[in-house]
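Let me begin by presenting the structure, written as structure tokens, before commenting on it.
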Amino acid sequence: MNFTQKTFFYIAIFIFGLSLFILSSCKEKELQAMQTLIKESEDIELFLIKETPINPLEQDSNKTYLCDYEAYAKVFTSSKQSDSIKIALLDTTNYIADVEKKCMIMPKYALRLKTKKDTLDIVLSDNPCAKAIAKNSLLKTPKIDKEKKKEDMFYVDLKTENTIIKLIQSVVPKK
Amino acid sequence: MIVFCLVYYKKIVKPSYLWRMLLFSFFLTLSTPIFSQSLYEIEFSASQIKYKGFLVYFNEEDAYMRVGYTYNNVYNVVNIDYTSVSGQEDGYNYFIMEGKNARFITTKKGDQSYNPDHFVWVWDKSTEDRKPFVTEDPNFSENSLKRVDSYKELKVSELTDEYLHQFYWDNEKEYVAFQQMRDNELDSHVAQEHYDNNTTQQQNQEANYGAAKMHLVMLVNSSIGDIGASCETDSRNMTKEFEDIAAALKVDFRKYEVKGSSFTKSNAMQVLNGLNPGSNDIVVFYYSGHGFRWADQTDAYPQMDIRASPYTKLSAETTISVSSVYNLLDKKGARLNIVITDCCNSDIGINKMTETSFLAGRSYQTPHIEKLQKLFLATKGNMIVTSSSAGQVSWSNSVNGGFFTLSFLQAFHEEISYLKTQEPSWDNILKKSHTNTVNKTDTGCRNCTTQNPVFYTKISKR
Chain L
49 MNFTQKTFFY IAIFIFGLSL FILSSCKEKE LQAMQTLIKE SEDIELFLIK
99 ETPINPLEQD SNKTYLCDYE AYAKVFTSSK QSDSIKIALL DTTNYIADVE
149 KKCMIMPKYA LRLKTKKDTL DIVLSDNPCA KAIAKNSLLK TPKIDKEKKK
199 EDMFYVDLKT ENTIIKLIQS VVPKK
Chain W
3 MIVFCLVYYK KIVKPSYLWR MLLFSFFLTL STPIFSQSLY EIEFSASQIK
53 YKGFLVYFNE EDAYMRVGYT YNNVYNVVNI DYTSVSGQED GYNYFIMEGK
103 NARFITTKKG DQSYNPDHFV WVWDKSTEDR KPFVTEDPNF SENSLKRVDS
153 YKELKVSELT DEYLHQFYWD NEKEYVAFQQ MRDNELDSHV AQEHYDNNTT
203 QQQNQEANYG AAKMHLVMLV NSSIGDIGAS CETDSRNMTK EFEDIAAALK
253 VDFRKYEVKG SSFTKSNAMQ VLNGLNPGSN DIVVFYYSGH GFRWADQTDA
303 YPQMDIRASP YTKLSAETTI SVSSVYNLLD KKGARLNIVI TDCCNSDIGI
353 NKMTETSFLA GRSYQTPHIE KLQKLFLATK GNMIVTSSSA GQVSWSNSVN
403 GGFFTLSFLQ AFHEEISYLK TQEPSWDNIL KKSHTNTVNK TDTGCRNCTT
453 QNPVFYTKIS KR
């Protein structure tokens, strides 16, 4: 590769370096806030959920929703299993804070963690689009667009190899 | 703190690329738009000698500095290669450039030698003076570190012949390239003379290529919760890019945008079906948003998920295949069609849904006008490119948008630059976009999986 090709070939790498740093800083704060909530939680419930969320205005009050996803089954977890899931949730190496996948989250599992004050709901999707959405009044996403929508949801990608999904899958009964 | 960072650095055999790229953030936080040149001037002094360095930075593996200084009444210039590493430790950010291979550009006398200089930036939020430290000690002993006298980013217009002569000989290819780059800056007086008569350029262009219009169709999911911000960044970058291209080429420009709350399949199809390009026109279609492939899909190109809200159920009525857009535009009769999508191409785990009625995304500097003309006005045909191969996800972040979109823009900038002497071609741009994207995901991003763009071109000279 000659000088000219090198110049521009590597500018591609060089230029986006900053973005990784900046985004990492922003999301890391929210991730830390989520981790704090998880640490303070006393109880973990595991649910199986439908893959499309329901608008809050259309939700059935007799059903359970986590991050607006309807739970259709609750999975029993022993205290040992709950502890393991909590440890996995607290493991920051399971999360990706600096980049995002441009795929749609199709979650299957949801966790409800009860803290002293309220609850933290987390829905999770498996590979190839492993992602998580967390909902709690303390978690915020930036205002979106000029429409100034503000959500109290936190979106974060999960690593391809993450222990959270693995543990949940080991707990969920196989059909 | 500095010593710790340096010791930590020295212990790292080969720091991961993510940390290496984590950044040259210091440079970019101080610099102007991200697509501007990476040229810097650093002045420092030691033993009563003043040194001036001209830094050309490409990436963490590839940078060099020409250092000019006077010793015993003789002016010397030395070239030093640099590799760098960056990271964070205990709340501090650090960026270290380690020099090596110092060689004299001017004639070396006898056993004259030059120990390469090394530079260290250390800062946190409270740091006011962000000038780097310099040392020639390869062990970075704390006592040897000294703050540089000045550090600044250079504008291309500052690269006068006189300035360049401080570091380059006339016959060096870098000197010639910088001259060309400078001379064609639109705001320089030399360029002004060249482009003074805009009417003449336009008349000549129309005589050669005929009058043309550029239609830009932007389909961007800027409202979706998880990636909306990065899609908005893509929208901004691509819109600006093609606006600038149209302005440089002096062709009429029309933008059609489907984004935000109006991001629906119905609106998208209305725009696409309503397009009526002339036979000499250029149509550019760009999509940034969620993408996927059906479990039973054989088409290499993904489906676009045209839902601004996750509450809308996924169905055939909320998806558009990238290939169908390509085919639709092909039939419209424009001279040149360009289809670019930045989205995932991963298996959604569901077979294709059928239609049912249920409810249910530096400015480039010194553009070489002739090269732009060759790419946009002197060609005909179609091209299609998507950001990832079957089964792969595409990566993005809110600051720079999609990795592929960024890679495409950078490959495009390179192709139309003065520093590149070969004939411009779309095939080259797409190949470089591919390489740049793979490099970003494989070496520049610790948490990314490989992303291989897929493309097809059927473009020829008109």
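Chains as they are written, first to last, in this note's numbering: chain L, 49 to 223; chain W, 3 to 464.
Note that CB positions come from ideal geometry on N, CA and C, so glycine has one too.
Beta bridge counterpart(s) of residue i as assigned by DSSP
i, result
"A182 of chain L", "L:I170, L:F202"
"E117 of chain L", "The identity of residue 117 of chain L in the sequence shown is Tyr, whereas the question assumes Glu. For Y117 of chain L, which the question treats as bridged, DSSP gives the partners L:L114."
"W397 of chain W", "L:K149"
"M99 of chain W", "W:S86, W:F121"
"T452 of chain W", "T452 of chain W pairs with nothing; no bridge assigned."
"I461 of chain W", "W:G383"
"V69 of chain W", "W:G55, W:V80"
"I284 of chain W", "W:M216, W:L338"
"K154 of chain W", "W:E43"
"I144 of chain L", "L:D205"
"V136 of chain W", "W:F121, W:K148"
"D91 of chain L", "L:K162"
"G404 of chain W", "W:S398"
"K214 of chain L", "According to DSSP, K214 of chain L bridges with nothing at all."
"K122 of chain L", "L:F95"
Where residue i meets chain L, residues with beta-carbon distance less than 8 Å
i, result
"V395 of chain W", "K149, K150, C151, P176, C177"
"N117 of chain W", "Here the premise fails: no neighbours, minimum Cβ distance about 25 Å."
Buried versus exposed, by CB contacts within 10 Å (16 or more), residue i
i, result
"Y77 of chain W", "exposed"
"T356 of chain W", "Summary for T356 of chain W: the model assigns pLDDT 43, below 50, so the residue's position carries little reliability, and this model does not support an answer."
"N239 of chain W", "buried"
"F26 of chain W", "In this prediction, F26 of chain W scores a pLDDT of 41, lower than 50, which makes its location untrustworthy; no coordinate-derived value is stated."
"W171 of chain W", "exposed"
"Q39 of chain W", "For Q39 of chain W, the predicted structure reports a pLDDT of 38, less than 50, and the residue's modelled location is therefore unreliable. The matter cannot be settled from this model."
"S109 of chain L", "exposed"
"K196 of chain L", "Summary for K196 of chain L: the model assigns pLDDT 44, below 50, so the residue's position carries little reliability; its value from the coordinates is reported in the next sentence. Exposed is the call here."
"R132 of chain W", "exposed"
"F457 of chain W", "buried"
"D205 of chain L", "buried"
"L218 of chain W", "buried"
"K110 of chain W", "exposed"
"P35 of chain W", "For P35 of chain W, the predicted model reports a pLDDT of 27, less than 50, meaning its position is unreliable and no value from the coordinates is stated."
"Q453 of chain W", "buried"
"R105 of chain W", "exposed"
"N278 of chain W", "exposed"
"I75 of chain L", "At residue 75 of chain L the sequence reads Lys, which differs from the Ile that was named. Counting Cβ neighbours within 10 Å, K75 of chain L comes out buried, since at least 16 surround it."
"D254 of chain W", "exposed"
"D200 of chain L", "exposed"
"S49 of chain W", "exposed"
"L105 of chain L", "exposed"
"A228 of chain L", "With chain L represented from 49 up to 223, any question about residue 228 of chain L goes unanswered, as that position is not in the structure."
"F124 of chain L", "exposed"
"L361 of chain W", "Its pLDDT being 17, under 50, L361 of chain W is placed unreliably in this model, and the value from its coordinates should be taken loosely. When all chains shown are included, L361 of chain W counts as exposed."
"K128 of chain L", "exposed"
"D283 of chain W", "buried"
Contact set between residue i and chain L, taken where Cβ atoms lie within less than 7 Å
i, result
"D126 of chain W", "Under the 7 Å cutoff, chain L gives no residues; its nearest Cβ is about 12 Å from D126 of chain W."
"T451 of chain W", "T208"
"K315 of chain W", "T100"
"D307 of chain W", "M152"
"P140 of chain W", "Near P140 of chain W there are no residues of chain L at all, since even the closest Cβ is about 24 Å away, more than 7 Å."
Under 9 Å by beta carbon: chain L residues contacting residue i
i, result
"I350 of chain W", "C151, M152, M154, P176, C177"
"D344 of chain W", "K150"
"P497 of chain W", "No statement about residue 497 of chain W is possible, as the shown extent of chain W runs from 3 to 464 and does not include it."
"G404 of chain W", "K150"
Neighbouring residues, chain W, relative to residue i (Cβ below 7 Å)
i, result
"Y244 of chain L", "The question about residue 244 of chain L has no answer, for chain L in this structure spans 49 to 223."
Residue i: CB within 6 Å of a non-hydrogen atom of the ligand NAD
i, result
"H217 of chain W", "Ligands in the displayed structure: none, and consequently the ligand NAD is not present."
Cβ of residue i within 7 Å of any chain B Cβ
i, result
"P312 of chain W", "Here the protein chains are L and W, and chain B is not one of them."
Whole alpha helix (DSSP H) runs in the segment 296 to 351 of chain W with 4 or more residues, listed along the chain? 324 to 332
Note down, in chain order, all residues in the segment 103 to 124 of chain L with a beta-carbon under 7 Å from any beta-carbon belonging to chain W. N103
Which runs of the alpha helix (DSSP H), 4 residues or longer, sit entirely within the segment 220 to 277 of chain W? 230 to 251, 267 to 276
Using a Cβ cut-off of 7 Å, which residues of the segment 226 to 241 of chain W contact any Cβ in chain L, in chain order? Among the residues of the segment 226 to 241 of chain W, those with a Cβ less than 7 Å away from any Cβ of chain L are G227, D228, I229, G230, A231, S232, E234, in the order of the chain.
At a Cβ cut of 9 Å, what residues of the segment 280 to 299 of chain W count as close to chain L, listed as they run along the chain? S290, G291, H292, G293, F294
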